[in-house]
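The numbering used here puts the first residue of the sequence shown at 36, with every later residue one more than the last. Quick reminder that beta carbons are idealized off the backbone N, C-alpha and C, glycines included. Source: prediction; values computed, not measured.
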Amino acid sequence: MATEVRRTTEQSLLGELADELLRFSKRRHTTIEGAELDSSAFKLLWVLSDDQPRTLRELADELDLDLSTINRQVNAAVRAGLLERFTVAGSPSKPVRPTAAGRRQYEHDLAVHSDLLRSVLAEMGADAARDLIRSLGSFNDAYERRARHRHRG
């Protein structure tokens, strides 16, 4: 009986977590009113906002995407004038970096995203926001430890 209750509770928690993760994942493709960039361009510019150029392989690793997906996204961002490729002496790779226009649009969209997040956190209240951030950090840390463990074994 206790095992059955524990299993039902565990299934309920897993279902609730899956529902919330699905709701959360829907936002990754949502366009925020006032934003100029699509989500893939914003993410590329976010990674490159530290002023460290990256190769396509490095971007794929950081964003946990297939190289073909990154190639397609970078090509679109280059065509849009957001990123530029450049040559590094002695290297076959052509890293990418933001253009001045890419930096401007990124800064604009970062302000739009920040305003939205600021209002969401304010609605939640400081204590709940801190608890959420701490809990997300714990979840991500545990997930990364367990996922890494599963891939090895």
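For residue i, the first and last residue of its enclosing beta strand (DSSP E)
i: Leu118; result: Leu118 to Arg120
i: Arg92; result: From DSSP, Arg92 is part of no beta strand (DSSP E) but of the alpha helix (DSSP H) over Leu91 to Leu98.
Beta carbon proximity, residue i to chain B, threshold 8 Å
i: Leu49; result: As a matter of chain content, chain B is missing from the structure shown, which is built from one protein chain.
Simplified DSSP assignment, three categories, for residue i
i: Leu152; result: helix
i: Ser84; result: coil
i: Val147; result: helix
i: Asp162; result: helix
i: Ala177; result: helix
i: Glu68; result: coil
i: Ser170; result: helix
i: Gly125; result: coil
i: Asp54; result: helix
i: Lys78; result: helix
Boundaries of the alpha helix (DSSP H) in which residue i is found, first to last residue
i: Val113; result: Leu102 to Arg114
For residue i, the residue or residues it bridges with in DSSP
i: Pro133; result: Leu118
Contact between the segment 38-57 and the segment 72-91 is defined here as three or more beta-carbon pairs at a separation below 8 Å; is this criterion met?
no
Hey, is the segment 72-85 in contact with the segment 126-141, meaning 3+ C-beta pairs nearer than 8 Å?
yes
Kindly confirm or deny that the segment 110-128 and the segment 146-161 touch, where touching means at least three C-beta pairs closer than 8 Å.
no
Whether or not the segment 93-109 and the segment 170-181 are in contact is what I'm after, with contact meaning three or more pairs of Cβ atoms, one per stretch, closer than 8 Å; do they touch?
no
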